[in-house]
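A.B. asks:
In UniProt numbering, the protein residues as written are 1 to 165.
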């Protein structure tokens, strides 16, 4: 309430002392409208606000122009980033002979098949292990680390070598 009173005093309007004094707040609001919209709009029965002055319209258009300019700059920056990412991906594709021979659809289908195969292998491994916790492996010092992907990578590399022309 004190902040509002200070802001009103800043524009030359005295805030009502009592927060529940409706008539004083209406008068304060009428003064505020008169200060910003003109004296005719301050009347309680003034109805719709008349047309804005040419200066106000020009100021509003300049603000709109600035907003559009900033949005345009942001969109250009996003477009530049996307173009650079596309160029980087195209360079990487050009470096790999297998990827050069395949279309994007083929590559996506291959990745989906790999994902489905991994999910199937994980579910089969879960069925073999059963609901109980697996017994410690006899003859081995410790169980393989699930984060170790070297076996998977070796298998994928062998398949890649077999499929490469």
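C-beta: ideal position from N, C-alpha, C; glycine also.
By DSSP, does residue 11 sit in helix, in strand, or in coil?
C.D. replies: Correct three-state label for residue 11: coil.
A.B. asks: May I have a chain-ordered list of the alpha helix (DSSP H) segments no shorter than 4 residues that lie completely inside the stretch 34-110?
C.D. replies: Qualifying alpha helix (DSSP H) stretches, in chain order: 39-42, 54-95 and 97-101.
A.B. asks: If you measure between the beta carbons of residue 5 and residue 17, is that distance less than 7 Å?
C.D. replies: No, they are not a contact pair.
A.B. asks: Between the Cα of residue 56 and the Cα atoms of 74, 36 and 69, which residue gives the shortest distance?
C.D. replies: Out of 74, 36 and 69, 36 has the C-alpha closest to the C-alpha of residue 56.
A.B. asks: Tell me the DSSP secondary structure of residue 17 in three-state form.
C.D. replies: Residue 17: coil per DSSP, three-state reduction.
A.B. asks: In whole angstroms, give me the CA-to-CA distance for residue 67 and residue 60.
C.D. replies: Their backbone Cα atoms lie some 11 Å apart in a straight line.
A.B. asks: Using only alpha-carbon positions, find the residue among 29, 23, 22 and 21 that is nearest to residue 9.
C.D. replies: With distances taken between Cα atoms, residue 9 lies closest to 29.
A.B. asks: Using only the alpha-carbon positions, how far apart do residue 89 and residue 104 sit?
C.D. replies: Cα to Cα, residue 89 sits roughly 12 Å from residue 104.
A.B. asks: Please list, in chain order, all residues of the same chain as residue 48 whose beta carbon is under 7 Å from its beta carbon, the five residues on each side excluded.
C.D. replies: Because the pLDDT of residue 48 is 46, which lies under 50, any placement of that residue in the model is unreliable, and the number read from its coordinates should be weighed accordingly. Contacts found: none.
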